[in-house]
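Numbering (the numbering used here), first residue to last: 20 to 278. Ideal Cβ positions, reconstructed from N, Cα and C, are used throughout, including at glycine. All values reported here derive from a predicted model rather than from experimental measurement. Below is one structure; the comments refer to it alone.
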Amino acid sequence: MDLGIAGRKAIVCASSRGLGKACAFALAEAGVEVVINGRDAKTVEATAAEIAKATGAKTHAVVADVATAEGQKALFAACAEPDILVNNNGGPPPRDFRELSRDMIIDGVIANMVVAIELTQKVIDKMAERRFGRIVNITSSSVKAPLPGLDLSSGARAGLTAFFAGVARTVADKNVTINSIQPGAFDTDRLKGILSGAAARTGKSVDEAAAARKATIPAKRFGTPEEFGAACAFLCSAQAGYITGQNLLIDGGTIPTAF
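Rendered as structure tokens:
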């Protein structure tokens, strides 16, 4: 399918690896000029070069922490008026909520809620003026079905989801959409870290922990970053202009709900 976004410009936050990288790759394949972002210069630059070589798209490597004013400034220096914004950031590590300090809680809310709001504030009016804008928030399936140990991540991202549910309706008539994707278990470095932690707690091997997790998923496998990126690219497409304020759950059927 021609997504109708060739020639558009996108900022994809936290896109040097994992699901963010998959989104950037899929957008570049659709002909979008993409800003690649991360905090490790070597990884960011390598990812930008890889995507440019594989797709022929123009890419910009921006080494920055998007939770800081300086980092956000660097993003917009590379792409002043994006047509597409993919909000993404690393989640807090799994931790019993009793161990959370006030500073940890504030940092988690900033990283997984405040940053997306700040970036959206900076782009939404220009998108409305141009009568095209696609904003996608990468959240988590734990927003819908919270997981113990990921309480801070779930809480901050649930707040973000509720915040934008109303905002999305205010710009829909300008062909600006705001949606979220709620990933379940995807084969990423973050999942590997979670599985390693589970293995250490239970005395099992990482492979055994992975097999046990897969057994809870109706699809009996982990998701691939590539299929996640394709879903993100569709939500950014010209054809997705009538989809807004929605949450796309991609979890292999793990959460047993009809709605």
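{"Check": "Measuring alpha carbon to alpha carbon, tell me which residue in Val82, Lys193, Gly110, Lys211 is nearest Asp170.", "Outcome": "Gly110"}
{"Check": "Taking DSSP as the reference, what is the three-state secondary structure of Ala38?", "Outcome": "At residue 38 the sequence reads Leu, which differs from the Ala that was named. Looking at Leu38 - three-state DSSP - the assignment turns out to be helix."}
{"Check": "Taking the DSSP output, what are the residues bridged to Gln91?", "Outcome": "Gln91 pairs with nothing; no bridge assigned."}
{"Check": "Put Asn131 into one of helix, strand or coil per three-state DSSP.", "Outcome": "helix"}
{"Check": "How about Gly264 and Phe44: are their beta carbons less than 8 Å apart?", "Outcome": "no"}
{"Check": "For a test of the three-state rule: what should DSSP assign to Glu148, helix, strand or coil?", "Outcome": "helix"}
{"Check": "From Ser120, Glu48, Arg58, pick the residue whose C-alpha is nearest to that of Ala86; which is it?", "Outcome": "Arg58"}
{"Check": "Run through the DSSP bridge pairs and tell me what Gly28 is partnered with.", "Outcome": "Per the sequence shown, the amino acid found at residue 28 is Lys instead of Gly. Lys28 pairs with Glu52."}
{"Check": "Label Thr276 either buried or exposed according to how many other C-beta atoms from any shown protein chain fall within 10 Å of its C-beta, with 16 as the threshold for buried.", "Outcome": "exposed"}
{"Check": "Below 8 Å between beta carbons: does that hold for Ser172 and Asn131?", "Outcome": "yes"}
{"Check": "Have a look at the DSSP bridge pairing and note the partners of Leu104.", "Outcome": "Ile30, Ile154"}
{"Check": "Quick test of the definition: if touching needs 3 or more C-beta pairs under 8 Å, does the region 215-234 touch the region 47-65?", "Outcome": "no"}
{"Check": "Less than 8 Å between the CB atoms is what I'm expecting for Val162 and Ala177, so what's the real figure, rounded?", "Outcome": "5 Å"}
{"Check": "What are the partner residues of Gly260, as DSSP defines its beta bridges?", "Outcome": "DSSP, once it has assigned bridges, lists no residue as partnering Gly260."}
{"Check": "Helix, strand or coil for Gln201? Go by DSSP, reduced to three states.", "Outcome": "strand"}
{"Check": "What does the alpha-carbon distance come out to for the pair Ser224 and Arg232?", "Outcome": "12 Å"}
{"Check": "Measuring CB to CB, does Thr196 end up less than 8 Å from Ala204?", "Outcome": "no"}
{"Check": "Inspect the beta-carbon positions of Pro244 and Ala41 and report whether they are closer than 8 Å.", "Outcome": "yes"}
{"Check": "Measure the C-alpha to C-alpha separation of Lys61 and Ala29 and round it to an integer number of angstroms.", "Outcome": "21 Å"}
{"Check": "Which runs of the alpha helix (DSSP H), 4 residues or longer, sit entirely within the region 215-258?", "Outcome": "225-234, 244-254"}
{"Check": "Taking 6 Å as the limit between beta carbons, can you name the residues of its chain near Phe183, skipping five residues before and five after?", "Outcome": "Ile197"}
{"Check": "I need the boundaries of the alpha helix (DSSP H) containing Ile70, first residue and last residue.", "Outcome": "60-74"}
{"Check": "What residue does the alpha helix (DSSP H) around Leu171 start on, and which one ends it?", "Outcome": "170-190"}
{"Check": "Report the partner residues of Val85 according to the DSSP bridge assignment.", "Outcome": "The partner list for Val85 (beta bridge, DSSP) is empty, contrary to what the question assumes."}
{"Check": "For Gly57, list the residues DSSP reports as bridge partners.", "Outcome": "Val82"}
{"Check": "Taking the alpha-carbon positions, what's the Asn266 to Ser160 distance?", "Outcome": "10 Å"}
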